[in-house]
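Chain order of the listed sequences is A and B.
Going from the first sequence to the numbering used here is simple: count from 1 and add 7.
Going from the second sequence to the numbering used here is simple: count from 1 and add 255.
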Amino acid sequence: MIQALRKLLDKFLNSLFKKKKHIKLGLYGPPNAGKTTLANKICTDWLGEEMGNVSDVAHETREIQIKEQISIKAKGKELSFNLVDTPGIATKIDFEEFIKAGMKKKEAKIRAKEATKGVIDAIKWLDDMDVVIVVLDSTEDPFSQVNITIIGNLQARDIPVLIVANKIDLKKSDMKRIESAFPQYKIASISAKFGNNIDNFYEALLDMVN
Amino acid sequence: MPHQCVRCNAFYEDGASEILKGCKCGGKLFFYIRKEKLEEAKNMTSNLSEEESKEIEKDVMDLVGERKEGDDTPVVLDLESIRVLKPGKYELDLVHLFKGDPVVFKTGDGKYMIDIVETFKRAGEKEK
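Listed below in structure tokens is the structure:
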């Protein structure tokens, strides 16, 4: 209750002064969608340093990562925020998948346990977020339980959402499929790895928050 | 609602003293099972070897985290939110997790506590 009142007050003050905002911006999505790659791109562009490790093996990020005080500017607008990169949200975590990716059994089981804890932590942090970027892999089917549950819950909590359709550099990327899955949302299509359309993403983010 | 000891598969009803103190076999981890899922749960746990039960017990205690040294109070994992089918194989029910339903129940001082704030402290709070 107190938290809700504080949020309301913050929103009121922000709208009153209309100056540089300082918000918590969360990166959410399924594993291997490119959340950390996007976090690294944002940090490299505006801070000159990376945020975390990326890997082809799912669940590389298993703990919440925070980078404070990032300021981005575009078209005369400015936004200052703390960037929160979260572990990938999944419904099944199986150590055998990590073994297939070349890990040893013991290491794979530890990764599975940490990834499970990561999912719980990511969900617990959701209430602290002011804005969320949902990062989706545009080569994958967007109609998944994970995507629908994340986006539905953000809507229920009244947290503004920007959907990022990542990996547009890949042949299998299908933007139309994502647009038809979430027609009521603003969608920025990018390649976080190669920086394609990244300026459009920053503009969409500033438009949404300002 | 039944509680099942992960180590020896014994079932206990709500309020049983074993849930508060630990199972007769020495086990400190129980699965909390809704009645309609009882048969499913029985099949699941009966396929586990002793070694696997112990591994699951250790993994879930690690997952719960934040247990102080020497704290051996039993922990009850709600299977509705997280299922551990075999060591290293987890199924998560996102709808329950997003709803903020408790994942674990802890016992202590002869009481049964639903205490996720304590058991799942967030990284940011640790620094405070």
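All C-beta atoms, glycine included, are put in the ideal place defined by N, C-alpha and C.
This structure is a prediction, so every number in the text was calculated from the model and none was measured.
Taking Cβ positions only, does residue i come closer than 8 Å to chain B?
i                : result
Ile96 (chain A)  : yes
Ala108 (chain A) : no
Ile130 (chain A) : yes
Val126 (chain A) : yes
Ile100 (chain A) : yes
Val61 (chain A)  : no
Gln162 (chain A) : no
Thr146 (chain A) : no
Lys193 (chain A) : no
Lys120 (chain A) : yes
Val153 (chain A) : yes
Thr44 (chain A)  : no
Thr156 (chain A) : yes
Ala115 (chain A) : yes
Lys174 (chain A) : no
Thr123 (chain A) : yes
Spell out whether any CB of chain A is found under 8 Å from the CB atom of residue i.
i                : result
Phe360 (chain B) : no
Val331 (chain B) : no
Phe286 (chain B) : no
Pro357 (chain B) : no
Leu352 (chain B) : yes
Leu349 (chain B) : yes
Lys344 (chain B) : yes
Asp314 (chain B) : yes
Ile337 (chain B) : yes
Leu334 (chain B) : no
Asp317 (chain B) : yes
Cys263 (chain B) : no
Could you say which of the options lies nearest to residue i if we only look at CA atoms?
i                : options                                : result
Glu335 (chain B) : B:Asn302, B:Glu294, B:Val350, B:Glu306 : B:Val350
Asn207 (chain A) : A:Gln191, A:Asp181, A:Ile170, A:Ile185 : A:Ile170
Val359 (chain B) : A:Lys124, A:Ile140, A:Leu212, A:Cys50  : A:Lys124
Thr270 (chain B) : B:Asn264, B:Cys263, B:Cys278           : For clarity, residue 270 (chain B) is Gly in the given sequence; the question names Thr instead. When each option's Cα is compared against that of Gly270 (chain B), the closest is B:Cys278.
Arg69 (chain A)  : A:Val139, A:Ile130, A:Lys193           : A:Ile130
Thr93 (chain A)  : A:Lys42, A:Ser187, A:Ile185, A:Ile49   : A:Lys42
Ser325 (chain B) : B:Leu332, B:Glu291, B:Met316           : Reading off the sequence shown, one finds Gly at residue 325 (chain B), where the question assumed Ser. Here the closest residue by C-alpha is B:Met316.
Leu332 (chain B) : B:Phe353, B:Leu284, B:Ser272, B:Leu303 : B:Leu284
Pro38 (chain A)  : A:Ala46, A:Ala65, A:Lys31              : A:Ala65
Val91 (chain A)  : A:Asp101, A:Leu133, A:Glu67            : A:Leu133
Met215 (chain A) : A:Ser196, A:Lys200, A:Tyr192           : A:Tyr192
Leu45 (chain A)  : A:Ser196, A:Lys112, A:Val126           : A:Ser196
Glu67 (chain A)  : A:Glu56, A:Ala40, A:Ala188             : A:Ala40
Ile140 (chain A) : A:Ile166, A:Ser198, A:Gln152           : A:Ile166
Phe189 (chain A) : A:Ile127, A:Ala199, A:Pro149           : A:Pro149
Lys179 (chain A) : A:Ile205, A:Glu147, A:Ile79            : A:Glu147
Lys341 (chain B) : B:Ser304, B:Tyr267, B:Glu294           : B:Ser304
Buried or exposed for residue i, going by 16 or more other Cβ atoms inside 10 Å?
i                : result
Glu306 (chain B) : exposed
Met58 (chain A)  : buried
Arg289 (chain B) : exposed
Leu72 (chain A)  : The displayed chain sequence assigns Gln, not Leu, to residue 72 (chain A). Label assigned to Gln72 (chain A): buried.
Leu177 (chain A) : exposed
Asn302 (chain B) : exposed
Cys280 (chain B) : exposed
Ser4 (chain A)   : In the structure displayed, chain A extends from 8 to 217; residue 4 (chain A) sits before or after that span and is not available.
Lys27 (chain A)  : Confidence at Lys27 (chain A) is low in this model, with a pLDDT of 45, below 50, so its placement is unreliable and no value can be given for it.
Arg164 (chain A) : exposed
Along the chain, where does the beta strand (DSSP E) that runs through residue i open and close?
i                : result
Ile337 (chain B) : 337–341
Lys178 (chain A) : No beta strand (DSSP E) holds Lys178 (chain A); DSSP gives it neither H nor E.
Lys80 (chain A)  : 72–81
Leu286 (chain B) : Residue identity check: residue 286 (chain B) is Phe in the sequence provided, not Leu. First-last of the beta strand (DSSP E) with Phe286 (chain B): 284–287.
Asp348 (chain B) : Looking at the DSSP string, Asp348 (chain B) is not in any beta strand (DSSP E), and its letter there is neither H nor E.
Val61 (chain A)  : Premise fails: Val61 (chain A) is in no beta strand (DSSP E) and is neither H nor E.
Asp101 (chain A) : 99–101
Ala195 (chain A) : 194–196
Val126 (chain A) : Unbroken run through Val126 (chain A) is the alpha helix (DSSP H), 112–132; no beta strand (DSSP E).
Leu332 (chain B) : 330–333
Gln259 (chain B) : 258–260
What whole-angstrom Cβ distance do residue i and residue j have, given they're in contact under 8 Å?
i                : j                : result
Leu143 (chain A) : Asn160 (chain A) : That belief does not hold up - the Cβ atoms of Leu143 (chain A) and Asn160 (chain A) are roughly 15 Å apart, past 8 Å.
Gly343 (chain B) : Ala119 (chain A) : 5 Å
Ile274 (chain B) : Pro357 (chain B) : Going by Cβ atoms, the distance from Ile274 (chain B) to Pro357 (chain B) rounds to 15 Å, so no, they are not a contact pair.
Phe88 (chain A)  : Lys31 (chain A)  : 7 Å
The alpha helix (DSSP H) that contains residue i, what's its start and end?
i                : result
Ala211 (chain A) : 205–216
Gln152 (chain A) : 152–163
Cys50 (chain A)  : 42–53
Ser85 (chain A)  : Reading off the sequence, residue 85 (chain A) comes out as Glu, not Ser. Not the alpha helix (DSSP H): Glu85 (chain A) falls in the beta strand (DSSP E), residues 84–92.
Val139 (chain A) : First-last for Val139 (chain A): 138–144, but that is the beta strand (DSSP E), not the alpha helix (DSSP H).
Lys276 (chain B) : 272–276
Ser308 (chain B) : 305–319
Taking 7 Å as the cut-off, does the CB of residue i come closer than this to any heavy atom belonging to the ligand MG?
i               : result
Gly95 (chain A) : Of the ligands one can find in the structure shown there are none, so the ligand MG has no counterpart to examine.
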